[in-house]
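*Asks:* In the working numbering, the protein residues as written are 104 to 456.
Quick reminder that beta carbons are idealized off the backbone N, C-alpha and C, glycines included.
Following this message is one structure expressed as structure tokens.
In structure tokens, the structure reads:
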């Protein structure tokens, strides 16, 4: 098959490339903003897949499958939808399991979405991620094409992606390694979550690629295992204690105070404060979800792998200052490379700005 991955260089995409390229009958082409070396039957095209001048000639080639990892705003997606659908036999759209509304029951694909049931007009006036994805799903459903497959992953993890609630590793793990308390929302601690190893999600995606019976269907791909965020935190702390020689401290805030450091209000309110457990019966027809990685063991392995070669992305020093102010800690200015960021940290840490 000729397979095009748009923006397929993230955690899930890299695993999917490995799986698809293992079949020598597949020709895999991946768009990337960075120069990457071609490998066997994998070709990288340098360019921004948001840019129509770049992507139109690519789409004009013959594609059996397009897997779209790109994040579009709703207007942009609607403008290029027919172009995408007309360029392939199967268009695999990466949505999100964040689209679902709240429930205490295991979530099936037919469960109502936030977009369909919320009465929060202020929220509905936004193009927040969960709403964006649901609106783009609607565009697919309303199109004249039936060659699409919607995939709804939930929280995925790997050595490079280790989340705690709404926090990326740069927001919690960096602090722990530096000896400062992890700041978390106490209302999240007992909420049930489902974490899935990125490779397993990629296995699920690959299992529906090229399948006629997967056309015009929606699947979430998640682990069957679930646990409260309290236990996720304990798994992380156990690994860190073994690695660092001490157990990092944790400061729990009321969620309204937590918002001040992490202003992703709707992601918190309409996802991380929900219980998230999934019914995987539908995707299980293509891939055995029971064979997915054990969450405790794979979280431990992923965090240990990262700690052996820690590389953090951008640190938000204003948010760090607010967290330090809340728990009485102070970062060493040696950690902050930019003079401008040092000033921003000091002003936010010691003044009310």
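1) Compute the Euclidean distance between the alpha carbons of residue 396 and residue 192, then round it to the nearest angstrom.
2) Going by beta carbon distance, what residues of the same chain come within less than 7 Å of residue 306, once the five residues before and after it are set aside?
3) By a C-beta neighbour count over all protein chains shown, 10 Å radius and 16 as the cutoff for buried, is residue 349 buried or exposed?
4) Indicate the three-state DSSP secondary structure (helix, strand or coil) for residue 166 in the structure shown.
5) Taking buried to mean at least 16 other C-beta atoms within 10 Å of its own C-beta, is residue 118 buried or exposed?
6) Does the beta-carbon of residue 111 have 16 or more other beta-carbons within 10 angstroms, so that it is buried, or is it exposed?
7) Mind checking who residue 106 pairs with in its DSSP beta bridge?
8) Just confirm the distance between the C-beta atoms of residue 256 and residue 200, as a whole number of angstroms; I'd bet it's less than 8 Å.
9) Note down the Cα distance separating residue 411 from residue 124, rounded to an integer number of angstroms.
10) DSSP state of residue 142, grouped into three classes?
11) Tell me the rounded alpha-carbon separation between residue 440 and residue 287.
12) By the DSSP assignment, the beta strand (DSSP E) with residue 320 in it spans what residues?
13) From the DSSP output, read off the bridge partner residues of residue 203.
14) Determine whether the beta carbon atoms of residue 363 and residue 425 lie at a separation below 7 Å.
15) Give me the Cα-Cα distance between residue 107 and residue 133, rounded to the nearest whole angstrom.
16) Note down the Cα distance separating residue 386 from residue 160, rounded to an integer number of angstroms.
17) Consult DSSP for residue 177 and reduce its assignment to one of helix, strand or coil.
18) Among 126, 138, 239 and 139, whose alpha-carbon lies nearest the alpha-carbon of residue 178?
19) Check residue 433 in the structure and name its three-state DSSP category.
20) Evaluate the contact criterion for the region 350 to 361 versus the region 273 to 285: three or more CB pairs, one atom per stretch, below 8 Å.
21) Measure the C-alpha to C-alpha separation of residue 413 and residue 345 and round it to an integer number of angstroms.
22) Is it a yes or a no for the region 181 to 192 touching the region 296 to 306, going by three-plus beta-carbon pairs under 8 Å?
23) Express the C-alpha separation of residue 323 and residue 383 in angstroms, rounding to a whole number.
24) Counting along the chain, where does the beta strand (DSSP E) carrying residue 367 start and finish?
25) Out of 419, 453, 120 and 357, state which residue places its alpha-carbon closest to the alpha-carbon of residue 272.
26) Where are the alpha helix (DSSP H) runs, 4 residues long or more, that stay fully inside the region 263 to 316, in chain order?
27) Counting C-beta neighbours from all protein chains within 10 Å, is the total for residue 146 16 or more, i.e. buried, or is it exposed?
28) Can the beta-carbon of residue 312 be found closer than 7 Å to that of residue 168?
29) Using the C-alpha atoms, what's the distance from residue 165 back to residue 128?
30) How far does the alpha helix (DSSP H) with residue 332 in it reach, from first residue to last?
31) Which residue comes first and which comes last in the beta strand (DSSP E) that contains residue 255?
32) Taking the alpha helix (DSSP H) that residue 442 falls in, what are its first and last residues?
33) Measuring CB to CB, does residue 162 end up less than 7 Å from residue 373?
34) Thinking residue 275 and residue 194 are a contact (beta carbons under 8 Å), I'd like their distance in whole angstroms, please.
35) Where do the ends of the beta strand (DSSP E) carrying residue 191 lie?
36) Below 7 Å CB to CB, which residues in the same chain sit around residue 243 once its five sequence neighbours on both sides are set aside?
*Replies:* The structure says:
1) Those two C-alpha atoms are separated by around 31 Å.
2) 122 and 390
3) Classification of residue 349: exposed, given that the 10 Å Cβ count is below 16.
4) strand
5) Burial call: buried.
6) buried
7) 131 and 168
8) 6 Å
9) Whole-angstrom Cα-Cα distance: 28 Å.
10) strand
11) 26 Å
12) 320 to 324
13) 216
14) yes
15) 6 Å
16) 33 Å
17) helix
18) 239
19) coil
20) yes
21) When only Cα atoms are considered, residue 413 and residue 345 end up about 16 Å apart.
22) No: the two stretches stay apart, fewer than three of their Cβ pairs being nearer than 8 Å.
23) 7 Å
24) Element bounds for residue 367: n/a, residue is neither H nor E.
25) The residue with the shortest Cα to Cα distance from residue 272 is 419.
26) 272 to 280 and 301 to 311
27) Counting of Cβ neighbours within 10 angstroms places residue 146 among the exposed residues, the total staying below 16.
28) For the pair residue 312 and residue 168, the CB atoms are nearer than the 7 Å cut-off.
29) Those two C-alpha atoms are separated by around 15 Å.
30) 332 to 347
31) 251 to 256
32) 442 to 453
33) no
34) 36 Å between Cβ atoms; not a contact.
35) 191 to 197
36) Excluding positions up to five away in sequence, the list reads 196, 251 and 253.
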